[in-house]
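A quick write-up on the structure given underneath.
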Amino acid sequence: RMAGMAVHELRAQRETLHGAFSPDLAPALTVDAGDTIHVSTIDVAWGLEPPTDVTLPRRKVEPRDPVRDDGPAMTGPIAIRGCDPGSVLAVHIEEIVPAPVGFTWSGGREWPDPTLNADLGLADDPMTLTLWVLDRERGRATSDRGHGVPMRPFPGTIGLAQGAPGWQTGWHPRRTGGNMDCRELSVGSTLYLPVEAAGGLLSVGDGHGAQGDGELCGSAIECAFERISLRVEIVEPDAMPIDGPVIRTADAWVTLAFDRDLARAARRAAGAMIDLLSATSGVSRMDSAVWISVAGDVRVTQMVNGVVGAHVVMRD
(Lines of atoms letter the chains of each structure in order from A and count residues from 1; the text may use other names and numbers.)
(Lines give C-alpha, C1' and ligand atoms only; values in the text may rest on other atoms or scores of the structure.)
Protein backbone atom coordinates (compact mmCIF):
# COMPACT_ATOMS: atom_id res chain seq x y z
CA ARG A 1 0.00 0.00 0.00
CA MET A 2 1.23 3.52 -0.77
CA ALA A 3 2.82 5.40 2.11
CA GLY A 4 0.50 7.79 3.88
CA MET A 5 -2.69 5.97 2.95
CA ALA A 6 -4.59 5.38 6.17
CA VAL A 7 -6.58 2.34 7.25
CA HIS A 8 -9.81 2.89 9.20
CA GLU A 9 -12.32 0.67 10.98
CA LEU A 10 -16.07 1.31 11.03
CA ARG A 11 -18.18 -0.96 13.22
CA ALA A 12 -21.88 -1.69 12.85
CA GLN A 13 -23.52 -0.08 15.88
CA ARG A 14 -26.69 1.92 16.43
CA GLU A 15 -25.20 5.30 15.50
CA THR A 16 -23.59 3.97 12.29
CA LEU A 17 -26.58 1.90 11.11
CA HIS A 18 -29.25 3.27 8.78
CA GLY A 19 -31.51 1.96 6.02
CA ALA A 20 -32.22 5.01 3.86
CA PHE A 21 -29.97 7.43 1.98
CA SER A 22 -29.78 11.17 2.63
CA PRO A 23 -27.23 13.90 1.84
CA ASP A 24 -28.18 15.35 5.24
CA LEU A 25 -27.07 12.29 7.25
CA ALA A 26 -23.91 13.18 9.15
CA PRO A 27 -20.95 10.98 8.20
CA ALA A 28 -19.99 8.24 10.62
CA LEU A 29 -16.41 8.49 9.32
CA THR A 30 -14.46 10.88 7.08
CA VAL A 31 -11.49 9.58 5.08
CA ASP A 32 -9.11 10.66 2.34
CA ALA A 33 -8.99 9.31 -1.19
CA GLY A 34 -6.70 6.29 -1.22
CA ASP A 35 -7.67 5.21 2.29
CA THR A 36 -8.98 1.74 3.15
CA ILE A 37 -11.94 1.15 5.46
CA HIS A 38 -12.65 -2.16 7.23
CA VAL A 39 -16.43 -2.16 7.74
CA SER A 40 -18.56 -4.61 9.72
CA THR A 41 -22.24 -5.10 8.85
CA ILE A 42 -25.30 -6.84 10.25
CA ASP A 43 -27.77 -8.76 8.08
CA VAL A 44 -30.29 -7.15 5.74
CA ALA A 45 -33.16 -7.46 8.23
CA TRP A 46 -31.38 -5.71 11.10
CA GLY A 47 -30.72 -8.94 12.97
CA LEU A 48 -28.41 -9.08 15.97
CA GLU A 49 -28.48 -12.89 15.78
CA PRO A 50 -29.28 -15.34 12.98
CA PRO A 51 -32.89 -16.55 12.64
CA THR A 52 -33.66 -20.13 13.62
CA ASP A 53 -37.28 -20.44 12.46
CA VAL A 54 -39.75 -18.42 10.38
CA THR A 55 -42.15 -18.03 13.31
CA LEU A 56 -39.70 -17.41 16.15
CA PRO A 57 -38.68 -13.84 16.99
CA ARG A 58 -35.02 -12.92 17.13
CA ARG A 59 -33.04 -10.03 18.51
CA LYS A 60 -32.92 -7.09 16.12
CA VAL A 61 -31.87 -3.46 16.28
CA GLU A 62 -34.77 -1.78 18.07
CA PRO A 63 -36.30 0.73 17.99
CA ARG A 64 -35.89 1.72 14.36
CA ASP A 65 -36.77 5.06 12.83
CA PRO A 66 -39.41 4.60 10.08
CA VAL A 67 -37.64 7.15 7.85
CA ARG A 68 -33.90 6.87 8.59
CA ASP A 69 -34.06 3.08 8.83
CA ASP A 70 -36.31 2.41 5.81
CA GLY A 71 -34.18 -0.12 3.95
CA PRO A 72 -31.57 -2.83 4.35
CA ALA A 73 -29.32 -2.36 7.37
CA MET A 74 -26.28 -0.41 6.15
CA THR A 75 -23.16 0.78 7.95
CA GLY A 76 -22.06 4.35 7.22
CA PRO A 77 -22.10 6.83 5.73
CA ILE A 78 -18.43 7.39 4.92
CA ALA A 79 -17.48 10.83 3.60
CA ILE A 80 -14.45 11.14 1.32
CA ARG A 81 -12.62 14.47 1.38
CA GLY A 82 -12.57 16.13 -2.02
CA CYS A 83 -15.32 13.90 -3.37
CA ASP A 84 -17.49 16.58 -4.97
CA PRO A 85 -20.75 16.35 -6.91
CA GLY A 86 -19.97 15.60 -10.54
CA SER A 87 -16.95 13.45 -9.77
CA VAL A 88 -16.81 9.65 -9.79
CA LEU A 89 -15.99 7.48 -6.76
CA ALA A 90 -14.13 4.21 -7.29
CA VAL A 91 -14.69 1.64 -4.54
CA HIS A 92 -12.25 -1.28 -4.63
CA ILE A 93 -13.57 -4.37 -2.82
CA GLU A 94 -10.40 -5.88 -1.38
CA GLU A 95 -11.58 -8.43 1.19
CA ILE A 96 -14.81 -9.92 2.54
CA VAL A 97 -15.09 -12.05 5.67
CA PRO A 98 -18.71 -13.22 6.01
CA ALA A 99 -20.21 -14.48 9.24
CA PRO A 100 -20.09 -18.29 9.63
CA VAL A 101 -23.86 -18.67 9.17
CA GLY A 102 -26.50 -17.34 6.78
CA PHE A 103 -30.14 -17.80 5.80
CA THR A 104 -32.53 -17.62 2.84
CA TRP A 105 -36.25 -16.83 2.89
CA SER A 106 -38.50 -18.31 0.21
CA GLY A 107 -42.16 -18.90 -0.56
CA GLY A 108 -45.23 -17.38 1.03
CA ARG A 109 -48.10 -15.55 -0.62
CA GLU A 110 -47.09 -11.93 -0.17
CA TRP A 111 -43.29 -11.75 -0.05
CA PRO A 112 -41.39 -10.44 -1.90
CA ASP A 113 -44.18 -9.76 -4.40
CA PRO A 114 -47.79 -11.06 -4.45
CA THR A 115 -47.44 -12.22 -8.07
CA LEU A 116 -43.94 -13.72 -8.00
CA ASN A 117 -44.65 -16.83 -5.94
CA ALA A 118 -47.94 -17.37 -7.79
CA ASP A 119 -46.00 -17.41 -11.06
CA LEU A 120 -43.52 -19.86 -9.52
CA GLY A 121 -46.29 -22.14 -8.25
CA LEU A 122 -45.32 -21.40 -4.65
CA ALA A 123 -48.15 -19.14 -3.49
CA ASP A 124 -49.80 -21.86 -1.42
CA ASP A 125 -46.55 -22.91 0.24
CA PRO A 126 -45.72 -21.34 3.60
CA MET A 127 -42.75 -19.05 3.87
CA THR A 128 -39.68 -21.21 4.40
CA LEU A 129 -36.35 -20.47 6.06
CA THR A 130 -33.23 -22.24 4.83
CA LEU A 131 -30.23 -22.05 7.15
CA TRP A 132 -26.64 -22.21 5.88
CA VAL A 133 -23.25 -22.92 7.40
CA LEU A 134 -20.58 -20.86 5.62
CA ASP A 135 -17.23 -22.64 5.52
CA ARG A 136 -15.02 -19.67 4.83
CA GLU A 137 -11.81 -21.68 4.45
CA ARG A 138 -13.28 -24.05 1.87
CA GLY A 139 -15.44 -21.36 0.30
CA ARG A 140 -18.55 -23.52 0.48
CA ALA A 141 -22.02 -23.02 1.96
CA THR A 142 -24.03 -26.03 3.17
CA SER A 143 -27.75 -25.83 3.96
CA ASP A 144 -29.72 -27.53 6.70
CA ARG A 145 -31.23 -29.63 3.90
CA GLY A 146 -27.79 -30.91 2.91
CA HIS A 147 -27.37 -28.86 -0.25
CA GLY A 148 -24.02 -27.25 -0.99
CA VAL A 149 -23.10 -24.26 -3.15
CA PRO A 150 -19.86 -22.38 -3.74
CA MET A 151 -19.59 -19.16 -1.76
CA ARG A 152 -19.15 -15.89 -3.62
CA PRO A 153 -19.69 -13.18 -1.01
CA PHE A 154 -20.60 -9.63 -2.01
CA PRO A 155 -22.51 -6.66 -0.57
CA GLY A 156 -26.11 -6.63 -1.76
CA THR A 157 -26.35 -2.95 -0.91
CA ILE A 158 -23.57 -0.44 -1.52
CA GLY A 159 -24.05 3.11 -2.68
CA LEU A 160 -23.85 6.86 -2.23
CA ALA A 161 -26.37 9.42 -1.03
CA GLN A 162 -28.49 11.15 -3.64
CA GLY A 163 -28.12 14.87 -4.29
CA ALA A 164 -31.75 15.76 -3.55
CA PRO A 165 -32.43 16.74 0.07
CA GLY A 166 -34.41 14.49 2.38
CA TRP A 167 -34.51 10.71 2.59
CA GLN A 168 -34.83 8.02 -0.07
CA THR A 169 -35.66 4.42 0.82
CA GLY A 170 -32.74 2.05 0.72
CA TRP A 171 -34.85 -0.77 -0.74
CA HIS A 172 -34.69 0.58 -4.32
CA PRO A 173 -31.46 0.79 -6.36
CA ARG A 174 -30.72 4.06 -8.11
CA ARG A 175 -28.18 6.02 -10.15
CA THR A 176 -25.81 6.22 -7.19
CA GLY A 177 -26.07 2.51 -6.36
CA GLY A 178 -27.82 1.13 -3.29
CA ASN A 179 -29.71 -2.17 -3.17
CA MET A 180 -28.33 -3.44 -6.47
CA ASP A 181 -27.91 -7.12 -5.47
CA CYS A 182 -25.31 -7.60 -8.20
CA ARG A 183 -23.23 -10.74 -7.74
CA GLU A 184 -20.35 -9.24 -9.77
CA LEU A 185 -19.39 -7.10 -6.73
CA SER A 186 -17.19 -9.82 -5.27
CA VAL A 187 -13.62 -9.48 -4.00
CA GLY A 188 -11.29 -7.99 -6.60
CA SER A 189 -13.96 -5.92 -8.32
CA THR A 190 -14.16 -2.13 -8.45
CA LEU A 191 -17.45 -0.24 -8.33
CA TYR A 192 -17.63 3.18 -10.00
CA LEU A 193 -20.43 5.50 -8.90
CA PRO A 194 -21.38 9.03 -9.97
CA VAL A 195 -21.24 11.43 -7.03
CA GLU A 196 -24.26 13.63 -6.27
CA ALA A 197 -23.76 14.63 -2.60
CA ALA A 198 -20.79 16.41 -1.04
CA GLY A 199 -18.37 13.81 0.30
CA GLY A 200 -20.12 11.02 -1.60
CA LEU A 201 -21.49 9.48 1.64
CA LEU A 202 -20.80 5.80 1.02
CA SER A 203 -22.76 3.12 2.89
CA VAL A 204 -22.61 -0.66 2.68
CA GLY A 205 -24.60 -3.62 4.04
CA ASP A 206 -26.95 -6.46 3.09
CA GLY A 207 -24.19 -9.07 2.99
CA HIS A 208 -24.66 -12.07 0.70
CA GLY A 209 -22.72 -15.32 0.97
CA ALA A 210 -23.85 -16.40 -2.51
CA GLN A 211 -26.55 -15.39 -4.98
CA GLY A 212 -27.51 -16.22 -8.53
CA ASP A 213 -28.45 -13.61 -11.11
CA GLY A 214 -32.06 -12.61 -10.48
CA GLU A 215 -32.21 -13.38 -6.73
CA LEU A 216 -35.27 -15.43 -7.67
CA CYS A 217 -36.96 -16.08 -4.33
CA GLY A 218 -36.31 -12.59 -2.94
CA SER A 219 -33.23 -13.33 -0.87
CA ALA A 220 -29.72 -14.64 -1.28
CA ILE A 221 -27.67 -16.37 1.41
CA GLU A 222 -28.21 -13.43 3.75
CA CYS A 223 -25.44 -12.90 6.27
CA ALA A 224 -23.55 -10.37 8.31
CA PHE A 225 -20.03 -9.41 7.29
CA GLU A 226 -17.42 -9.56 10.01
CA ARG A 227 -15.38 -7.40 7.66
CA ILE A 228 -15.58 -5.93 4.19
CA SER A 229 -12.50 -3.94 3.20
CA LEU A 230 -13.07 -1.04 0.81
CA ARG A 231 -10.43 1.23 -0.72
CA VAL A 232 -11.77 4.49 -2.15
CA GLU A 233 -10.43 6.69 -4.92
CA ILE A 234 -11.77 9.78 -6.69
CA VAL A 235 -11.84 9.58 -10.49
CA GLU A 236 -12.23 12.54 -12.81
CA PRO A 237 -15.44 12.23 -14.82
CA ASP A 238 -13.51 12.72 -18.08
CA ALA A 239 -11.61 9.51 -17.32
CA MET A 240 -14.77 7.56 -16.42
CA PRO A 241 -17.77 9.23 -18.11
CA ILE A 242 -20.66 7.38 -16.44
CA ASP A 243 -24.24 8.17 -15.51
CA GLY A 244 -24.86 5.16 -13.25
CA PRO A 245 -23.09 2.26 -11.59
CA VAL A 246 -20.27 0.56 -13.49
CA ILE A 247 -18.25 -2.43 -12.27
CA ARG A 248 -14.81 -3.55 -13.34
CA THR A 249 -14.11 -7.22 -12.62
CA ALA A 250 -10.90 -9.16 -13.29
CA ASP A 251 -11.89 -9.69 -16.92
CA ALA A 252 -14.98 -7.64 -17.76
CA TRP A 253 -16.82 -4.34 -17.69
CA VAL A 254 -20.35 -4.37 -16.26
CA THR A 255 -22.97 -1.62 -16.58
CA LEU A 256 -26.14 -1.57 -14.48
CA ALA A 257 -29.53 0.10 -14.77
CA PHE A 258 -32.81 -0.01 -12.88
CA ASP A 259 -36.48 0.48 -13.63
CA ARG A 260 -39.85 -0.92 -12.59
CA ASP A 261 -39.94 -2.54 -16.04
CA LEU A 262 -37.26 -5.19 -16.59
CA ALA A 263 -37.03 -4.73 -20.36
CA ARG A 264 -36.48 -1.00 -19.92
CA ALA A 265 -33.81 -1.64 -17.27
CA ALA A 266 -32.03 -4.00 -19.68
CA ARG A 267 -32.14 -1.47 -22.51
CA ARG A 268 -30.80 1.24 -20.24
CA ALA A 269 -27.97 -1.03 -19.07
CA ALA A 270 -27.13 -1.71 -22.72
CA GLY A 271 -27.25 2.00 -23.46
CA ALA A 272 -24.84 2.60 -20.59
CA MET A 273 -22.45 0.01 -22.04
CA ILE A 274 -22.67 1.70 -25.44
CA ASP A 275 -21.84 5.00 -23.72
CA LEU A 276 -18.86 3.42 -21.96
CA LEU A 277 -17.45 1.62 -25.00
CA SER A 278 -17.83 4.54 -27.36
CA ALA A 279 -16.29 6.97 -24.85
CA THR A 280 -13.33 4.82 -23.86
CA SER A 281 -12.47 2.86 -27.01
CA GLY A 282 -13.26 5.26 -29.82
CA VAL A 283 -15.72 2.77 -31.35
CA SER A 284 -18.89 4.34 -32.78
CA ARG A 285 -22.17 3.91 -30.95
CA MET A 286 -23.50 1.69 -33.73
CA ASP A 287 -20.40 -0.50 -33.70
CA SER A 288 -20.59 -0.65 -29.89
CA ALA A 289 -24.19 -1.89 -30.13
CA VAL A 290 -23.13 -4.58 -32.62
CA TRP A 291 -20.23 -5.55 -30.36
CA ILE A 292 -22.60 -5.98 -27.39
CA SER A 293 -25.07 -7.94 -29.51
CA VAL A 294 -22.50 -10.50 -30.64
CA ALA A 295 -20.19 -10.68 -27.60
CA GLY A 296 -21.99 -9.24 -24.57
CA ASP A 297 -24.38 -10.73 -22.04
CA VAL A 298 -27.56 -9.00 -20.87
CA ARG A 299 -28.43 -10.35 -17.43
CA VAL A 300 -31.15 -9.97 -14.81
CA THR A 301 -29.47 -8.54 -11.71
CA GLN A 302 -32.50 -8.88 -9.46
CA MET A 303 -36.25 -8.93 -10.10
CA VAL A 304 -37.49 -8.66 -6.53
CA ASN A 305 -36.78 -5.14 -5.24
CA GLY A 306 -39.78 -3.35 -6.78
CA VAL A 307 -37.34 -1.36 -8.89
CA VAL A 308 -35.68 -4.23 -10.77
CA GLY A 309 -32.18 -4.34 -12.20
CA ALA A 310 -30.36 -5.53 -15.30
CA HIS A 311 -26.68 -5.53 -16.16
CA VAL A 312 -24.62 -5.95 -19.30
CA VAL A 313 -21.31 -7.85 -19.15
CA MET A 314 -18.58 -7.31 -21.74
CA ARG A 315 -15.60 -9.64 -21.38
CA ASP A 316 -12.14 -8.49 -22.39
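Sequential numbering from -15 applies to the sequence shown in our numbering. Even glycine gets a Cβ: it sits at the ideal position worked out from N, Cα and C.
Residue interval of the beta strand (DSSP E) (run including residue i)
i	result
S173	Counting along the chain, S173 falls outside any beta strand (DSSP E), and DSSP gives it neither H nor E.
T36	Element bounds for T36: n/a, residue is neither H nor E.
D271	Careful: D271 lies outside any beta strand (DSSP E), inside the alpha helix (DSSP H) at R269 to A279.
L240	A236 to D243
T73	A small correction: the amino acid at residue 73 is Leu; Thr does not occupy that position in the sequence shown. Start and end: V72 to P82.
L13	L13 to V15
V219	F209 to V219
W116	T112 to D119
P61	M58 to I64
M298	V292 to R299
R232	V230 to R232
V179	No beta strand (DSSP E) contains V179, which DSSP labels as neither H nor E.
Local Cβ density within 10 Å of residue i, reported as buried at 16 or more and exposed below that
i	result
A234	exposed
L104	exposed
M287	buried
T82	Inspection of the sequence shows that residue 82 is occupied by Pro rather than by Thr. Classification for P82: buried.
E206	buried
P35	buried
R158	buried
A148	exposed
E180	buried
D8	exposed
P50	exposed
G132	exposed
R65	exposed
D197	buried
A10	exposed
T160	buried
A102	exposed
Same chain only: Cβ atoms within 7 Å of residue i, ignoring 5 sequence neighbours per side
i	result
G154	G3, A4, F5, D54, G55, P56, M58, T141, G162 and N163
D300	D235 and A236
D128	T114 and L115
L106	G91
Cβ shell of residue i (< 6 Å), same chain only, five flanking positions each side left out
i	result
I258	R269, S272 and A273
V238	E168, I231, H295 and V297
T174	A74, H76 and R232
R251	none
Limits of the unbroken alpha helix (DSSP H) element including residue i
i	result
L246	L246 to S265
A102	L100 to D103
Spatial distance of residue i from residue j (CA atoms)
i	j	result
S262	P110	49 Å
P91	E(-1)	The sequence as given places Gly at residue 91; Pro does not occur at that position. Taking the straight line joining both Cα atoms gives about 34 Å.
G60	G143	10 Å
R315	G31	Absent from the structure is residue 315, since the part of the chain shown begins at -15 and ends at 300.
D227	Q(-3)	32 Å
M322	Y176	Beyond the ends of the chain as shown, which are -15 and 300, falls residue 322; an answer cannot be given.
L118	T88	13 Å
M224	V72	7 Å
A279	H156	30 Å
A182	P84	36 Å
R122	F242	34 Å
L13	L214	13 Å
G255	S170	24 Å
D16	I80	21 Å
Residues near residue i in its chain [Cβ-Cβ closer than 8 Å; skip 5 each side]
i	result
L246	V284, M287, V292 and A294
A125	G86, W116, V117, L118, D119, G132, V133, P134, M135, G193, A194 and I205
E220	S71 and V72
Contact test: residue i Cβ vs the ligand NAP heavy atom, cutoff 7 Å
i	result
G293	With respect to small molecules bound, the structure shown includes none, and the ligand NAP cannot be examined in it.
Taking 8 Å as the threshold, find out whether the segment 89 to 98 comes into contact with the segment 195 to 203 through three or more Cβ pairs. yes
Could you tell me whether the segment 18 to 34 touches the segment 182 to 197, where touching means 3 or more Cβ pairs closer than 8 Å? yes
Pairs of beta-carbons, one from the segment 132 to 141 and one from the segment 34 to 51, closer than 8 Å: are there three or more? no
Report yes or no: do the segment 14 to 23 and the segment -9 to -2 share at least 3 C-beta pairs separated by less than 8 Å? yes
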